[in-house]
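J.:
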Amino acid sequence: MLFSIFLSGRGFAEAGSNIKTDTLRLFLIGNSFSQNATRYLPQLATEGGHPLKIGRAELGGCSLQRHWEIAEAAEKNPDDPKGKAYGGKSLRQLLSVGTWDVVTIQQNSMNTGDVTTFRPYAKKLVELIKSIQPNARIVMQQTWAYRIDAKKFTQIADNQFAQSAKEMWQKSRASYHTIADELGISLFPVGDAFWKINTNPKTAYKPDTKFNFSEPVYPVLPNQTHSLHAGYYYDKSKKMGFDSNHANEAGCYLGGLVWYAVIFQESPVKLNFQPDSVSEAFANQLKKAARQVTK
-8 MLFSIFLSGR GFAEAGSNIK TDTLRLFLIG NSFSQNATRY LPQLATEGGH
42 PLKIGRAELG GCSLQRHWEI AEAAEKNPDD PKGKAYGGKS LRQLLSVGTW
92 DVVTIQQNSM NTGDVTTFRP YAKKLVELIK SIQPNARIVM QQTWAYRIDA
142 KKFTQIADNQ FAQSAKEMWQ KSRASYHTIA DELGISLFPV GDAFWKINTN
192 PKTAYKPDTK FNFSEPVYPV LPNQTHSLHA GYYYDKSKKM GFDSNHANEA
242 GCYLGGLVWY AVIFQESPVK LNFQPDSVSE AFANQLKKAA RQVTK
């Protein structure tokens, strides 16, 4: 189980101002996908001249339902250990520390294609957030589809799953937009940015059909050019593993660009920072995609 409560002091103020001294306080209620999407947000905010402080209540694989059930336990009994899942703190305790300008939520990826899994938990979380931070802007991250060669995709109904990355993107996108419209909140369209890259012939990841997957030889890996997902890797025992769900460095960078554009209402195209493992040419494509989905 993963949890993180992290404060980093970097970046924000009014978009377009030359001197940015106000710190934007951003609080994330999420899981590993919110960690992925914000890995490089502090660096991007710093370059953009935006002081930023990030607070986190994240648990690996955590759904909206689970986040709400944890919060509900603490609301009923502040001393209930079940309500203090975030490093010994409850959601109310974390949200009550100072003023948070933006608070984010998201669904766990395996449930994104089934809109019924969002209800009533997203609404209840939003109501709780508003009761603690009435002036906070609430934004939901539209998470991304798994890589096209994933073995399994998101649930779209009880015991029914998407049959492709495209269907996962379509179903999850519909779910996020439906719930965002119901709650009157905005979205980080990270899933759309991923899909834009994955459907552009110049930037789409293409599975390596020549690699011998039955007898991989360490440290050789299949060609994964332009992948936004972790994909194939070798573990400490030199055994090849596969993660088609989580973002790799390029995917984390793309997520950060989208969040930057939405939070600061600025084009990310002008930013120069990029992870060392992402080429300049691909970084430029990622910045364009982030800009296109956030215009």
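In this note's numbering, the protein residues as written are -8 to 286. Idealized CB from N, CA, C, for every residue including glycine. All figures in this text were calculated on a predicted structure; none of them were measured in a lab.
#1: Let me check one thing: in DSSP terms, what residues is residue 231 bridge-paired to?
#2: Under DSSP, the alpha helix (DSSP H) around residue 285 begins and ends at which residues?
#3: Counting pairs of Cβ atoms below 8 Å between the segment 212 to 229 and the segment 181 to 195, do you hit three or more?
#4: Give the single residue among 237, 212, 167 whose Cα lies nearest to the Cα of residue 229.
#5: Quick one: residues in its chain with C-beta nearer than 6 Å to the C-beta of residue 32, no 5 flanking neighbours on either side, listed in chain order?
#6: In the DSSP assignment, what residue or residues form a beta bridge with residue 220?
#7: Please go through the segment 55 to 131 and give each complete beta strand (DSSP E) segment of 3 or more residues, from N-terminal end onward.
#8: Quick check on residue 30: does DSSP put it in helix, strand or coil?
#9: Say whether the segment 120 to 139 touches the segment 68 to 79, bearing in mind that this needs 3 or more beta-carbon pairs closer than 8 Å, one atom from each stretch.
#10: Short check: CB of residue 134 to CB of residue 161, under 9 Å?
#11: In terms of alpha-carbon separation, which member of 233, 110, 158 lies closest to residue 55?
#12: Just the C-alpha distance for residue 169 and residue 106, rounded to the nearest angstrom, thanks.
#13: Helix, strand or coil: how does DSSP classify residue 152 here?
#14: Tell me the DSSP secondary structure of residue -2 in three-state form.
#15: Measure the alpha-carbon distance for residue 277 versus residue 67 and round it to whole angstroms.
#16: Look at the alpha carbon of residue 144 and the alpha carbon of residue 155, and state the distance between them as a whole number of angstroms.
#17: Which of the three DSSP states, helix, strand or coil, is assigned to residue 261?
#18: Cα separation between residue 289 and residue 254?
T.: Taking the structure as given:
#1: 225
#2: 271 to 285
#3: yes
#4: 212
#5: 247, 250
#6: 238
#7: 93 to 96
#8: coil
#9: no
#10: no
#11: 110
#12: 8 Å
#13: strand
#14: With a pLDDT of 39 at residue -2, under the threshold of 50, the modelled position of that residue is not reliable, and the figure given next carries that caveat. In this structure, residue -2 counts as coil in the three-state DSSP scheme.
#15: 45 Å
#16: 7 Å
#17: helix
#18: Only positions -8 to 286 of the chain appear in this structure, which leaves residue 289 out of reach.
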